[in-house]
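According to my numbering, the sequence shown is numbered sequentially starting from 2.
Here a beta-carbon is modelled for each residue, glycine too, at the ideal position from N, C-alpha and C.
Report on the following structure.
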Amino acid sequence: MAGSKGMFIDTSTCTGCKACQVGCKEWNQLPMGEMAFTANSYDNTGALSAENWRHVKFIEQFSDDRSKQRWLFLSDSCKHCQDAGCMEVCPTNAIIRTEFDTVYIDHDVCIGCRYCISGCPFGVIGIDHITGTAQKCTLCYDRLQEGEQPACAQVCPTDCIQFGEVDELQAMADERMDQLKVNGEEEVSIYGKKDVLGGLNVFYLLLDKPEVYGLPSNPQLPSKKQGMGYFSSLLGFLGVGLVGLLSFRANRMKERAEEQHKDDR
């Protein structure tokens, strides 16, 4: 992943201020979309979508007796995976990898077939109801071309969103994880190393298990799921064939027994 651009999201320093969401919408001129009371803490956007390319998750944790509590925050977006499921299933090659090793949707080529939505294990992509094309974070591709960092990283007041070379960011993340472990954070981990879809260019330091943050612990590419589907179908076909063969054999034996009984008469 040498030369790859990406972001390291340190959830231990995120305060849930949503400046990244605002910066993303402002720079990319995204519509406000529907705002609703979700009853999920202070989360009023709910999930990533065609209008929300960045979404701050709020996770409230309480002990059984409610004597201890903490809030976890996650500034979420497209992961710009090395092994990108959306690219794998796109029938028009509208989803490409840029010179910065990021995943980008070419809206002039996109036909809005929605295959990329089912191909992404993170629920990142949405369809714009006006253009009919797939939409997601571009890692501010236009800004990268001008030598600038993404808008979300630019406006983050705590610098929990760090932009740069992925290899350098991973070294920074490992150092931060070691520091937190010394301070007693037993569940801290890095989500998005090479064991996750070949590595995520946008990866996270988590203070709890990935599932707590709504992240799959073992995301799979569509091709792997398809292979399992073929295998299951093959087993089903063989099973049906075996049942049919046994049924045919039983019927033949029954017919022979009836013929033998007639001959004995």
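> On the three-pair Cβ rule with 8 angstroms, is the segment 115-123 touching the segment 23-31?
Replying inline: No, they do not touch.
> Roughly how many angstroms separate the alpha carbons of residue 49 and residue 114, rounded to a whole number?
Replying inline: Here residue 49 is taken as the residue at index 48 of the sequence shown, counted from 1. Here residue 114 is taken as the residue at index 113 of the sequence shown, counted from 1. Roughly 19 angstroms between the two C-alpha positions.
> Per DSSP, what kind of secondary structure is residue 29 in: helix, strand or coil?
Replying inline: Within the sequence shown, residue 29 is the residue found at index 28, counting from 1. Assigned with DSSP and collapsed to three states, residue 29 falls in helix.
>> Residues in the same chain with beta-carbon distance under 8 angstroms from residue 199, minus the five sequence neighbours each way, listed in chain order, please.
In response: Here residue 199 is taken as the residue at index 198 of the sequence shown, counted from 1. Closer than 8 angstroms at the Cβ level, and outside the excluded window around residue 199, lie 82, 83, 84.
> Tell me which same chain residues have a C-beta within less than 6 angstroms of the C-beta of residue 43, skipping the five on either side of it?
Replying inline: Here residue 43 refers to the residue found at position 42 of the sequence shown. Contacts found: 59.
> Under a three-way DSSP split, which group does residue 150 fall into?
Replying inline: Residue numbering aside, residue 150 sits at position 149 when the sequence shown is read from its first letter. Annotated three-state conformation of residue 150 is coil, per DSSP.
> According to DSSP, is residue 203 helix, strand or coil?
Replying inline: Reading the sequence shown from its first residue, position 202 is the one you call residue 203. When DSSP states are grouped into helix, strand and coil, residue 203 belongs to the strand group.
> Considering residue 7, what are the terminal residues of the beta strand (DSSP E) in which it resides?
Replying inline: The residue labelled residue 7 in the question sits at position 6 within the sequence shown. The continuous beta strand (DSSP E) containing residue 7 extends over residues 6-11.
> Terminal residues of the continuous beta strand (DSSP E) containing residue 163?
Replying inline: Mapped onto the sequence shown, residue 163 falls at position 162. Counted as a single uninterrupted DSSP element, the beta strand (DSSP E) harbouring residue 163 occupies residues 162-166.
> Contact check, residue 163 vs residue 173 under 8 angstroms by CB: the rounded distance?
Replying inline: Indexing the sequence shown from 1 puts residue 163 at position 162. Indexing the sequence shown from 1 puts residue 173 at position 172. Going by Cβ atoms, the distance from residue 163 to residue 173 rounds to 7 angstroms, so yes, they are a contact pair.
>> Under 8 angstroms, with one C-beta from each stretch per pair, do the segment 134-142 and the segment 94-113 reach the 3-pair mark?
In response: With a cut-off of 8 angstroms on Cβ pairs, the segment 134-142 is in contact with the segment 94-113, counting three or more such pairs.
> In whole angstroms, what is the alpha-carbon distance linking residue 5 and residue 167?
Replying inline: Here residue 5 corresponds to residue number 4 of the sequence shown, with the count starting at 1. Here residue 167 corresponds to residue number 166 of the sequence shown, with the count starting at 1. Each residue's alpha carbon lies about 6 angstroms from the other.
>> Am I right that residue 190 and residue 201 are in contact with their C-beta atoms under 8 angstroms? What's the rounded C-beta distance?
In response: Locating residue 190 in the sequence shown gives position 189, counting from the first residue. Locating residue 201 in the sequence shown gives position 200, counting from the first residue. Your pair residue 190 and residue 201 does not check out as a contact, with CB atoms roughly 13 angstroms apart and the cut at 8 angstroms.
>> Less than 7 angstroms between C-beta atoms, sequence neighbours within five positions excluded: which residues of the same chain meet that for residue 132?
In response: Translated into positions along the sequence shown, residue 132 becomes position 131. Answer for residue 132: 108, listed in chain order.
> Which residues mark the beginning and the end of the alpha helix (DSSP H) in which residue 89 is found?
Replying inline: Along the sequence shown, one-based indexing puts residue 89 at 88. It spans 86-90 - the alpha helix (DSSP H) in which residue 89 sits, taken as one unbroken run.
>> Using beta carbons (cut-off 7 angstroms, strictly below), is residue 209 in contact with chain C?
In response: Of the protein chains in this structure there is only one, and it is not chain C.
>> Just to confirm the assignment, what range does the alpha helix (DSSP H) spanning residue 116 have?
In response: Counted from its first residue, the sequence shown places residue 116 at position 115. Run containing residue 116: 116-120, per the alpha helix (DSSP H) assignment.
> By Cβ distance, which residues of its chain are closer than 7 angstroms to residue 159, with the 5 residues on each side in sequence left out?
Replying inline: As a first step, residue 159 must be located in the sequence shown, where it is residue number 158. Same-chain partners within the cutoff: 14, 15, 16.
> Pick from 96, 130, 155, 194: whose alpha carbon is nearest that of residue 25?
Replying inline: Position 24 of the sequence shown holds residue 25. Comparing Cα positions, the closest option is 155.
> Taking the continuous beta strand (DSSP E) assigned at residue 100, which residues delimit it?
Replying inline: The count along the sequence shown starts at 1 and reaches residue 100 at position 99. Residue 100 -> no beta strand (DSSP E), and no H or E assigned at all.
> What is the C-beta distance between residue 21 and residue 55, in whole angstroms, given that I count them as a contact (C-beta under 8 angstroms)?
Replying inline: The residue given as residue 21 occupies position 20 in the sequence shown. The residue given as residue 55 occupies position 54 in the sequence shown. Taking the Cβ atoms as the reference, residue 21 lies roughly 5 angstroms from residue 55, within the contact range of under 8 angstroms.
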